[in-house]
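>
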Amino acid sequence: MTGLFITLEGGDGTGKSTQSALIGDWYTEQGREVVFTREPGGTDLGTELREIVLHSRGHIAPRAEALLYAADRAHHIATVVRPALERGAVVIQDRYLDSSVAYQGAGRVLDPDEVRGVSMWATEGLVPDVTVVLDLDPAIGRDRLDAANKQFDRLEAEALEFHTRVRDSYLAMAAVEPQRFLVVDATLDRDAIRDAIIARLSELS
Ligand code: TMP
């Protein structure tokens with residue numbers, strides 16, 4: 103595959119969408135095809151799965167939740183991401199398998215290696231070239247969502263302790279795989295975050 107697969111991770115309210123757009127502009131200026139996408143919900147099937155997993159009223163068992171995200175991911179990678187990478191595009195994706203390890207593994211307290219294994223099976227082992235973690239104290243993230251008057255989905259509505267486990271999980275993953283991860287302080291201003299990310303992306307061929 104000749105494309106580049108860049109994923110953005112982190113809690114809610116960390117500015118992933120803003121940074122995706124800025125990174126996309128940088129690649130577009132270089133004449134690259136850029137594909138913006140996200141999980142869950144990067145396909146028609148994924149839109150339906152997203153509605154179920156984020157807005158279902160009843161309880162969803164943690165393993166069922168993990169499988170719903172994995173189903174979205176399997177279909178999305180097979181039908182959108184791999185074809186884009188094969189034609190040489192830069193895929194900039196809001197959330198990927200590290201979200202499952204952080205939210206379903208650390209958050210719901212499932213075995214993180216098993217959760218990762220399910221996603222690796224679902225995607226036939228597709229690993230991003232770079233994963234940017236926008237790191238933020240979950241209490242600040244929550245204030246940002248409150249300020250934006252956002253209605254909380256099933257995951258956002260979880261307690262701060264849940265989101266603290268999610269944050270710690272991202273930082274632990276980044277420490278184990280520094281060659282793939284870039285952790286950026288999400289309290290920095292928009293342009294400082296962008297510059298830190300671009301500095302890392304500039305090192306890629
Ligand atoms: P977002 O698209 O608005 O970030 O919402 C997606 C929510 O789903 C967010 O709270 C994180 C959560 N999530 C998981 O729990 N596991 C996953 O694998 C993914 C992709 C997202």
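Its first residue numbered 103, the sequence shown is counted upward by one per residue in our numbering.
Idealized CB from N, CA, C, for every residue including glycine.
Give every residue of the same chain whose Cβ lies closer than 7 Å to the Cβ of E258, excluding the five residues on either side of it in the sequence, and list them in chain order.
For this step, residue 258 is matched to residue 156 along the sequence shown. If we look at E258 and ignore the five residues flanking it on each side, its Cβ neighbours are D114, L247.
> So is Q132 in contact with chain B if we call contact Cβ pairs under 8 Å?
In the structure shown, chain B cannot be found, because there is only a single protein chain.
> The beta strand (DSSP E) spanning E111 covers which residue range?
Translated into positions along the sequence shown, residue 111 becomes position 9. Counting along the chain, the beta strand (DSSP E) containing E111 begins and ends at 106–112.
> For the region 179–196 against the region 140–156, are there 3 or more C-beta pairs whose distance is under 8 Å?
yes
> Our contact map puts F283 next to V235 with C-beta atoms below 8 Å; I'd like the distance itself, whole angstroms only.
Your numbering for residue 283 matches position 181 in the sequence shown. Your numbering for residue 235 matches position 133 in the sequence shown. Confirmed, about 6 Å.
> With a threshold of 7 Å (Cβ to nearest heavy atom), would D255 be considered close to the ligand TMP?
The residue you call residue 255 lines up with position 153 of the sequence shown. Answer for D255: yes, Cβ within range of the ligand TMP.
> Would you grab the beta carbon distance between A301 and I295 for me? Rounded to a whole angstrom, and I think it's under 8 Å.
As a working note, residue 301 is residue 199 in the sequence shown. As a working note, residue 295 is residue 193 in the sequence shown. Wrong, their Cβ atoms sit about 11 Å apart, outside the cutoff.
> Kindly indicate which residue of E279, E260, D174 has the alpha-carbon position closest to the one of W223.
As a first step, residue 223 is located in the sequence shown; it is residue number 121 there, counting from the start. Selected option, being the one with the closest Cα: D174.
> From A241, F107, P214, pick the residue whose C-alpha is nearest to that of L262; which is it?
For the purposes of this step, residue 262 is identified with residue 160 of the sequence shown, where counting begins at 1. Nearest C-alpha to L262: A241.
> Report the residue from D200, T233, R210 whose alpha carbon sits nearest the alpha carbon of S221.
As a first step, residue 221 must be located in the sequence shown, where it is residue number 119. Closest option to S221, Cα to Cα, is D200.
> Nearest to S304 by alpha carbon, out of I125, L110, Y205?
Within the sequence shown, residue 304 is the residue found at index 202, counting from 1. It is I125.
> Below 7 Å, is the gap between the Cβ of Y272 and the nearest heavy atom of the ligand TMP?
One-based indexing of the sequence shown puts residue 272 at position 170. No.
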